[in-house]
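Working notes, structure below.
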Amino acid sequence: MARKPTCDYKKDTVDKCTGLAQRIVGDCGFCGGHFCSKHRLLESHMCPNLEDCKKESHEQNASKLISERTVAIKGV
Numbered sequence: 001m002a003r004k005p006t007c008d009y010k011k012d013t014v015d016k017c018t019g020l021a022q023r024i025v026g027d028c029g030f031c032g033g034h035f036c037s038k039h040r041l042l043e044s045h046m047c048p049n050l051e052d053c054k055k056e057s058h059e060q061n062a063s064k065l066i067s068e069r070t071v072a073i074k075g076v
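According to the UniProt record's numbering, the sequence shown is numbered sequentially starting from 1.
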């Protein structure tokens with residue numbers, strides 16, 4: 001029987017996490033790591049691509065706000 005995967009948080013150090021990696025919700029799409037429920041968030045596992053994620057989200061939000069901008073009709 002195959003061993004269940006453990007959390008990738010600090011996996012090469014003495015302080016490594018021994019929790020079991022969560023399926024689907026524990027997979028980080030930015031760094032490719034597999035994490036337990038405690039370390040699944042980008043901030044929790046110190047994702048090296050956190051700044052890229054924030055920048056991408058900011059750009060998406062800005063473009064959405066610009067596309068939904070309303071213009072006041074003058075002279076009515």
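Yeah, the Cβ is synthetic: ideal placement off N, Cα and C, and Gly gets one too.
Keep in mind that this is a model prediction, so the values were computed, not measured.
Could you work out which residue in the options is closest to residue i when comparing CA atoms only?
i	options	result
residue 4	22, 12, 10 and 53	22
residue 41	2, 9 and 75	9
residue 19	63, 36, 50 and 66	36
residue 50	15, 32 and 25	32
CA-CA distance, residue i and residue j?
i	j	result
residue 58	residue 69	16 angstroms
residue 155	residue 67	This structure does not reach residue 155, given that the chain is present from 1 up to 76, and the question cannot be answered.
residue 74	residue 54	37 angstroms
residue 6	residue 72	56 angstroms
residue 61	residue 2	43 angstroms
Which partner residues does residue i have in the DSSP bridge list?
i	result
residue 12	In DSSP, residue 12 forms no bridge with anything.
Assuming residue i contacts residue j (C-beta within less than 8 angstroms), just tell me the rounded distance between them.
i	j	result
residue 52	residue 30	7 angstroms
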